[in-house]
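Enquirer: Would you mind keeping the following structure in view while I ask a few things?
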Ligand SMILES: NC(=O)c1ccc[n+]([C@@H]2O[C@H](COP(=O)([O-])OP(=O)(O)OC[C@H]3O[C@@H](n4cnc5c(N)ncnc54)[C@H](OP(=O)(O)O)[C@@H]3O)[C@@H](O)[C@H]2O)c1
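Structure follows, in structure tokens:
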């Protein structure tokens with residue numbers, strides 16, 4: 016698939032690198048550090064770099080891996096996202112882990128993912144990868160003692176969810192369909208709890224969630 020990475024920081028760089036290694040064509044965009052973007056673009060024959068607009072235009076699947084406060088800027092050119100699969104792992108957390116996430120004191124009444132879907136009408140938004148850490152994506156394999164960690168994902172478009180489930184598997188996780196995009200309210204709350212467990216309880220970064228399915 017052609018994948019555009021919007022926000023080539025910890026998560027975007029790690030996911031794009033894995034997907035390029037699996038044979039997908041990946042365009043990285045946006046990092047303050049131009050050298051980092053160059054390194055990512057030159058790391059694999061499958062990778063290139065461009066502006067945010069170029070990465071979105073290039074992509075069949077857009078990975079939004081940006082800080083929540085940058086959201087409105089990134090969604091400003093909304094027409095370029097039309098008919099694309101848009102994956103979001105944006106939790107609404109502020110840098111100090113407070114902020115706009117349901118479950119914490121918040122001004123939001125819908126999830127970040129639903130908000131993206133409302134702004135980007137005619138795109139296919141799927142929430143995924145919000146209960147993991149970039150540090151886990153950066154190690155050679157997610158598998159541990161024969162177990163793979165789980166990634167819950169949710170969205171309203173069946174075909175988009177199938178694509179995202181394959182991309183989750185490409186990253187060595189077990190995809191778990193958590194339902195429609197409305198479930199992002201719960202997933203983003205779970206992500207908040209996950210960050211709190213991990214950071215506040217000192218479990219960060221080498222912990223992943225493994226969900227048993229009977
Ligand atoms: N890190 C994790 O383990 C993890 C796990 C799950 C979910 N998340 C979520 O994933 C998102 C990204 O987290 P991260 O840790 O990867 O953050 P990060 O390392 O700070 O990366 C964010 C990237 O977005 C870029 N960016 C900033 N403003 C932008 C804009 N206006 N337009 C386009 N790109 C912009 C940043 O560019 P600069 O280089 O110029 O700053 C940076 O490359 C956050 O919403 C976070 O809550 C993170």
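Residue numbers (the working numbering): 16 to 229. All C-beta atoms in this analysis are idealised placements derived from N, C-alpha and C, irrespective of residue type, glycine included.
#1: Please report how far the alpha carbon of residue 179 lies from the alpha carbon of residue 217, in whole angstroms.
#2: Let me know if residue 94 comes out buried or exposed under the rule of 16 or more other beta-carbons within 10 Å of its beta-carbon.
#3: I'd like to confirm the pairing. Which residues does DSSP put opposite residue 106 in its beta bridges?
#4: What do you reckon, are the CB atoms on residue 142 and residue 186 nearer than 8 Å?
#5: Could you check where the beta strand (DSSP E) with residue 73 kicks off and where it finishes?
#6: Beta carbon of residue 47: closer than 7 Å to some heavy atom of ligand 1?
#7: Can you tell me the Cα-Cα spacing of residue 68 and residue 90, whole angstroms?
#8: Give the secondary structure of residue 132 by DSSP, where H, G and I count as helix, E and B as strand, and everything else as coil.
#9: If I'm right that residue 145 touches residue 106 with Cβ under 8 Å, what's the distance once you round it to whole angstroms?
#10: Closer than 7 Å: is that where the CB of residue 85 sits relative to any heavy atom of ligand 2?
#11: Can we count residue 25 as close to ligand 1, meaning its CB is less than 7 Å from some heavy atom?
#12: First and last residue of the alpha helix (DSSP H) that includes residue 20?
#13: Under 7 Å: does the beta carbon of residue 108 sit that close to some heavy atom of ligand 1?
#14: Quick check: does the Cβ of residue 50 come within less than 7 Å of any heavy atom belonging to ligand 1?
#15: Give a single yes or no on whether residue 65 has its beta carbon closer than 7 Å to a heavy atom of ligand 1.
#16: Cβ of residue 190 within 8 Å of Cβ of residue 222?
#17: Let's see if you can read the secondary structure: which residues bound the beta strand (DSSP E) around residue 79?
#18: Could you please give the first and the last residue of the uninterrupted beta strand (DSSP E) stretch that includes residue 170?
#19: Exposed or buried, what is residue 64 when buried is set at 16 or more other beta-carbons lying within 10 Å of its beta-carbon?
#20: Output yes or no for whether 8 Å exceeds the beta carbon distance between residue 152 and residue 29.
#21: Quick one, are the C-beta atoms of residue 31 and residue 20 less than 8 Å apart?
#22: Identify the continuous beta strand (DSSP E) that holds residue 41 and give its terminal residues.
Expert: Taking the structure as given:
#1: On the chain shown, residue 179 is found 164 positions in, with the first residue counted as 1. On the chain shown, residue 217 is found 202 positions in, with the first residue counted as 1. C-alpha separation (whole angstroms): 30 Å.
#2: Within the chain shown, the letter at position 79 stands for residue 94. Classification of residue 94: exposed, given that the 10 Å Cβ count is below 16.
#3: The residue you call residue 106 lines up with position 91 of the chain shown. Looking at the DSSP assignment, residue 106 forms no beta bridge with any residue, so it has no partner.
#4: One-based indexing of the chain shown puts residue 142 at position 127. One-based indexing of the chain shown puts residue 186 at position 171. No, Cβ-Cβ distance for residue 142 and residue 186 is not below 8 Å.
#5: Position 58 of the chain shown, counted from the start, is the residue given in the question as residue 73. No beta strand (DSSP E) contains residue 73, which is instead part of the alpha helix (DSSP H) from 67 to 73.
#6: Taking the first residue of the chain shown as 1, we reach residue 47 at position 32. The answer is yes for residue 47.
#7: Your numbering for residue 68 matches position 53 in the chain shown. Your numbering for residue 90 matches position 75 in the chain shown. Rounded to the nearest angstrom, the two C-alpha atoms are 10 Å apart.
#8: Here residue 132 refers to the residue found at position 117 when the chain shown is read from its first residue. Helix at residue 132.
#9: As a first step, residue 145 must be located in the chain shown, where it is residue number 130. As a first step, residue 106 must be located in the chain shown, where it is residue number 91. At roughly 6 Å, the Cβ-Cβ gap stays under 8 Å, so residue 145 and residue 106 are in contact.
#10: Looking for ligand 2 in the displayed structure turns up nothing; the ligands present are ligand 1.
#11: Here residue 25 refers to the residue found at position 10 when the chain shown is read from its first residue. Indeed, a heavy atom of ligand 1 lies less than 7 Å from the Cβ.
#12: Position 5 of the chain shown, counted from the first residue, corresponds to residue 20. First-last for residue 20: 17 to 21, but that is the beta strand (DSSP E), not the alpha helix (DSSP H).
#13: To locate residue 108, count along the chain shown from 1; it is residue 93. Yes, since a heavy atom of ligand 1 falls inside the 7 Å radius drawn around the Cβ of residue 108.
#14: Residue numbering aside, residue 50 sits at position 35 when the chain shown is read from its first letter. No - ligand 1 has no heavy atom lying nearer than 7 Å to the Cβ of residue 50.
#15: Along the chain shown, one-based indexing puts residue 65 at 50. Incorrect: residue 65 has no Cβ contact closer than 7 Å to ligand 1.
#16: The sequence position of residue 190 within the chain shown is 175, counting from 1. The sequence position of residue 222 within the chain shown is 207, counting from 1. Result no, Cβ atoms of residue 190 and residue 222 do not sit closer than 8 Å.
#17: Here residue 79 refers to the residue found at position 64 of the chain shown. Element bounds for residue 79: 76 to 79.
#18: Working through the chain shown from its first residue, we reach residue 170 at position 155. Run containing residue 170: 165 to 170, per the beta strand (DSSP E) assignment.
#19: Residue numbering aside, residue 64 sits at position 49 when the chain shown is read from its first letter. So residue 64 ends up on the buried side.
#20: Along the chain shown, one-based indexing puts residue 152 at 137. Along the chain shown, one-based indexing puts residue 29 at 14. Cβ distance < 8 Å, so residue 152 and residue 29 count as in contact.
#21: Start at 1 with the first residue of the chain shown, and residue 31 comes out as number 16. Start at 1 with the first residue of the chain shown, and residue 20 comes out as number 5. Yes, they are a contact pair.
#22: The residue labelled residue 41 in the question sits at position 26 within the chain shown. Counting along the chain, the beta strand (DSSP E) containing residue 41 begins and ends at 40 to 44.
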